[in-house]
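Colleague: Got a structure for you, questions after.
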């Protein structure tokens, strides 16, 4: 799916959220500055931006993911305001995750998955519990050239990394965050 320039949201284009990805489908924008997917979520109207469960052979690139808000839900329902991945191994490249809120993994929640995350900016996301920018659980991500900044959470303001196979696959990344207990990376 090739998206044009513009903001795709409930108020501008009548979009419904979350976007539910399926295997073998790519979501490609025209650039992070000009293709914006905005769920316009809030406490009164909780919405996740993208959900990806049990998917393979996916690329999501060249767009901004914002406005996800699912903080008050319970269980997995409060995970991944911007993106929720479970048992999926996509390539996520040239993306911006900005202004998403969740209980865990404000920007991205990744569970038992092995995504390749390259050339992304993850900023101004928040989690009431763990992983303001990203939350990894039982996963094996490859994170390359990612700017992770100004995210907030109780633990792991930038990244919360739990029960993962390899915690060393972070190259050329920058992190600066706020957390009550662990500022940047909590493994």
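Residue numbers (the working numbering): -13 to 173. Every residue, glycine too, gets a C-beta built ideally from N, C-alpha and C.
Please report the residue range of the alpha helix (DSSP H) in which residue 138 lies.
Modeller: First-last for residue 138: 133 to 141, but that is the beta strand (DSSP E), not the alpha helix (DSSP H).
Colleague: Could you tell me the distance, in whole angstroms, from the CA atom of residue 22 to the CA atom of residue 122?
Modeller: In a straight line, the C-alpha of residue 22 is about 24 Å away from that of residue 122.
Colleague: Classify residue -12 as helix, strand or coil using the three-state DSSP reduction.
Modeller: The answer is strand: DSSP assigns residue -12 an E or B state.
Colleague: Where does residue -12 land, buried or exposed, given buried means 16+ other C-beta within 10 angstroms?
Modeller: Residue -12 comes out exposed.
Colleague: Please go through the same chain and pick out, in chain order, the residues whose beta-carbon is closer than 6 Å to the beta-carbon of residue 13, but skip the five residues on each side of it.
Modeller: Same-chain partners within the cutoff: -13, 46.
Colleague: Quick one: give me the first and last residue of the alpha helix (DSSP H) that residue 112 is part of.
Modeller: From DSSP, residue 112 is part of no alpha helix (DSSP H) but of the beta strand (DSSP E) over 112 to 116.
Colleague: Which residues in the same chain have their Cβ closer than 6 Å to the Cβ of residue 72, if we skip the five residues on either side of it in sequence?
Modeller: So the list reads 39, 97, once near-sequence residues are dropped.
Colleague: Which residues in the same chain as residue 8 place their Cβ atom closer than 7 Å to its Cβ, once the five residues preceding and following it in sequence are excluded?
Modeller: Answer for residue 8: 41, listed in chain order.
Colleague: Return the first residue and the last residue of the alpha helix (DSSP H) that residue -3 is part of.
Modeller: Start and end: -4 to -1.
Colleague: On a CA-only basis, which of 34, 20, -10 is nearest residue 3? Give me that one, please.
Modeller: When each option's Cα is compared against that of residue 3, the closest is 34.
Colleague: Please identify the residue among 52, 107, 89, 149 whose C-alpha is closest to the C-alpha of residue 126.
Modeller: Cα-wise, what sits closest to residue 126 is 149.
Colleague: Flag residue 68 as yes if its beta-carbon sits less than 8 Å from any beta-carbon of chain D, otherwise no.
Modeller: The structure shown has no chain D; it contains just one protein chain.
Colleague: Within the same chain, show all residues whose beta-carbon is closer than 6 Å to that of residue 137, passing over the 5 residues directly before and after it, in chain order.
Modeller: Counting only Cβ-Cβ distances below 6 Å, and skipping sequence neighbours, we find 111, 118, 119, 143, 144, 163.
Colleague: Thinking C-alpha only, which one of 65, -2, 24, 56 is nearest residue 116?
Modeller: Checked all of 65, -2, 24, 56; the closest Cα to residue 116 is 65.
Colleague: Please classify residue -9 as buried or exposed, where buried requires at least 16 other C-beta atoms within 10 Å of its C-beta.
Modeller: Per the 10 Å Cβ criterion, exposed.
Colleague: So the candidates are 128, 107, 87; which of them puts its Cα closest to the Cα of residue 140?
Modeller: The shortest C-alpha separation from residue 140 is found at 87.
Colleague: When burial is assigned at 16 or more other CB atoms within 10 Å of the CB, is residue 6 buried or exposed?
Modeller: Residue 6 is exposed by the Cβ-count criterion.
Colleague: For residue 70 and residue 94, what's the separation of their Cα atoms in angstroms?
Modeller: Going from the Cα of residue 70 to the Cα of residue 94 covers about 6 Å.
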